[in-house]
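A quick write-up on the structure given underneath.
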């Protein structure tokens, strides 16, 4: 297999562009639902996370690419137009309804293997069959419900007794079991809480429903991952999108290459064969001609560009570890730290917090990498101001000394 040679810089720029984080990928000045949907389509998924120290992660990921927008548009795409839905990708995520066959394959095979974990899940579900029956009956008869509404009724008057490893949270665990198995879906949110309903009532009539096997699932998912990553090794693909669920990947990559769907490349200084999608060859050549312009943006800790920490280190020489669950005294950078992307480099980090009562975006700490350029100070200030506007803050509050290179930032 002859691989085309490209530089690490080119691989970075291709990744950034396919992630909609370059000037080429910037959305309209006033992004609407179509712009946001286009971003999700290019990324393949948006990871969900309940922490909102600044804003919910999936909203931050879209802000980094679209700028200030109305978050209600995301809810509309999810719960009115139903072009998106919540399911498990590389973590709990927002995914595309047009990709339903791919995700439905995993729904049909959830906990169906012969490994010990699958056997324990099936045994637990069998022991808690009365709760399963109750939830289905409640949703069929009463429609969409919050978990607490199911919990209130879920203590079976006929004598059902909670069992299994989930102790006092069996309703929550059963909902997850039924969600991962594709029987129920999130139909809305009330005050941030999930509203559940039968999948048949949530999915729109136009949902593609063809059944595909494991190899075809990997074939489709691998192309989603390669497009989103720009350039990727097999290990990067495995850790992206439908993380660790790529059976037959080696054979699929070989077939995609033979068909001309993907192109092998050798990235300077990097081990192994990387792949780019054939559709991205014109973009690759454009980047190699020097026709590329970057931006300065802040990234969610769960951003698709950096969620694979090993790949981030390889491409950007940037070590990033979340410290949310690290005791405060042992944190190096802070609680909710957003990496700073400047053109094609990660040049620093910002520990941020939205103080909703005070109406401020607090810059608890700002860190610059050793080679961070002084010229980044103005676009970084603009990015912080844009984020403040997005989260509804009236001003920035710098709560600690600034790095010397960015002393003039505020």
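Residue numbers (our numbering): 1 to 410. Note that the Cβ used here is the ideal one computed from N, Cα and C, for glycine as well.
For a test of the three-state rule: what should DSSP assign to residue i, helix, strand or coil?
i, result
"residue 93", "strand"
"residue 80", "coil"
"residue 345", "strand"
"residue 212", "coil"
"residue 273", "coil"
"residue 259", "coil"
"residue 351", "strand"
"residue 32", "coil"
"residue 158", "Residue placement at residue 158 is flagged as unreliable, the pLDDT there being 44, under the threshold of 50; a coordinate-derived value is accordingly withheld."
"residue 119", "helix"
"residue 152", "Since pLDDT at residue 152 reaches only 45, below the 50 mark, its modelled position is unreliable, and the value read off the structure follows with that caveat. Residue 152: helix per DSSP, three-state reduction."
"residue 339", "strand"
"residue 246", "coil"
"residue 71", "coil"
"residue 87", "strand"
"residue 266", "strand"
"residue 21", "coil"
"residue 53", "coil"
"residue 222", "helix"
"residue 145", "strand"
"residue 232", "strand"
"residue 321", "coil"
"residue 166", "Unreliable placement is indicated for residue 166, whose pLDDT of 47 sits below 50; the coordinate value is still reported in the next sentence. If DSSP states are grouped into helix, strand and coil, residue 166 belongs with coil."
"residue 58", "helix"
"residue 217", "helix"
Would you kindly report the start and end of the unbroken alpha helix (DSSP H) that includes residue i?
i, result
"residue 411", "Coverage of the chain is limited to positions 1 through 410, which leaves residue 411 absent and any answer about it impossible."
"residue 316", "309-316"
"residue 46", "First-last for residue 46: 45-47, but that is the beta strand (DSSP E), not the alpha helix (DSSP H)."
"residue 189", "Not the alpha helix (DSSP H): residue 189 falls in the beta strand (DSSP E), residues 184-190."
"residue 176", "170-180"
"residue 114", "Note, residue 114: premise wrong, no alpha helix (DSSP H); not H, not E."
"residue 329", "Where residue 329 is concerned, there is no enclosing alpha helix (DSSP H), given that its DSSP letter is neither H nor E."
"residue 288", "281-288"
"residue 108", "100-108"
Going straight from the alpha carbon of residue i to that of residue j, what length do you get?
i, j, result
"residue 383", "residue 170", "43 Å"
"residue 265", "residue 234", "12 Å"
"residue 390", "residue 358", "15 Å"
"residue 82", "residue 294", "33 Å"
"residue 67", "residue 32", "11 Å"
"residue 179", "residue 369", "42 Å"
"residue 156", "residue 198", "Because residue 156 sits at a pLDDT of 47, beneath the cut-off of 50, its placement in the model cannot be relied upon, and the following sentence gives the value as read from the coordinates. Going from the Cα of residue 156 to the Cα of residue 198 covers about 21 Å."
"residue 79", "residue 150", "21 Å"
"residue 269", "residue 231", "14 Å"
"residue 122", "residue 112", "8 Å"
"residue 311", "residue 398", "32 Å"
"residue 239", "residue 85", "21 Å"
"residue 423", "residue 309", "Because the chain is modelled from 1 through 410, residue 423 falls outside the range shown and cannot be assessed."
"residue 42", "residue 326", "33 Å"
"residue 154", "residue 186", "Any reading at residue 154 needs caution, since the residue's pLDDT is 42, under 50, leaving its predicted position unreliable; the model's value is listed next. For residue 154 and residue 186, the distance between alpha carbons rounds to 19 Å."
"residue 394", "residue 143", "41 Å"
"residue 76", "residue 39", "15 Å"
"residue 271", "residue 250", "17 Å"
"residue 228", "residue 99", "15 Å"
"residue 336", "residue 328", "11 Å"
"residue 104", "residue 89", "12 Å"
"residue 8", "residue 313", "12 Å"
"residue 10", "residue 106", "35 Å"
Since residue i and residue j should fall inside the 8 Å C-beta cutoff, what is the C-beta to C-beta distance between them, to a whole number of angstroms?
i, j, result
"residue 316", "residue 346", "5 Å"
"residue 380", "residue 15", "Between residue 15 and residue 380 the Cβ distance is about 21 Å, and since that is not below 8 Å, they are no contact."
"residue 366", "residue 348", "7 Å"
"residue 386", "residue 338", "Contact doesn't hold; Cβ gap of about 13 Å is too wide."
"residue 6", "residue 46", "With 8 Å as the limit, residue 6 and residue 46 do not qualify as a contact, their Cβ atoms being about 28 Å apart."
"residue 292", "residue 22", "7 Å"
"residue 87", "residue 36", "Incorrect: roughly 18 Å between the Cβ atoms, too far for contact."
"residue 340", "residue 298", "6 Å"
"residue 139", "residue 92", "Incorrect: roughly 20 Å between the Cβ atoms, too far for contact."
"residue 263", "residue 44", "About 20 Å; that fails the 8 Å criterion."
"residue 146", "residue 190", "6 Å"
For the beta strand (DSSP E) that residue i lies in, which residues bound it at each end?
i, result
"residue 368", "360-368"
"residue 194", "193-198"
"residue 296", "296-298"
"residue 383", "Taken as a continuous stretch (DSSP letters only), residue 383 belongs to no beta strand (DSSP E), being part of the alpha helix (DSSP H) at 377-390."
"residue 6", "4-6"
"residue 395", "395-398"
Between residue i and the rest of its own chain, which residues show a CB-CB distance below 7 Å, the 5 nearest in sequence each way excluded?
i, result
"residue 159", "No answer about residue 159 holds up, because its pLDDT of 43 lies below 50 and its placement is not dependable."
"residue 221", "102, 241, 242 and 246"
"residue 204", "82 and 97"
"residue 216", "none"
"residue 400", "364 and 365"
Please list, in chain order, all residues of the same chain as residue i whose beta carbon is under 6 Å from its beta carbon, the five residues on each side excluded.
i, result
"residue 405", "368, 372 and 374"
"residue 165", "Note that residue 165 has pLDDT 44, beneath the 50 cutoff, so the model's placement of it is unreliable and no number is given."
"residue 55", "391"
"residue 356", "none"
May I ask you to check if the CB of residue i is nearer than 6 Å to at least one heavy atom of the ligand GDP?
i, result
"residue 139", "Looking at this structure, you won't find the ligand GDP or any other ligand, since it has none at all."
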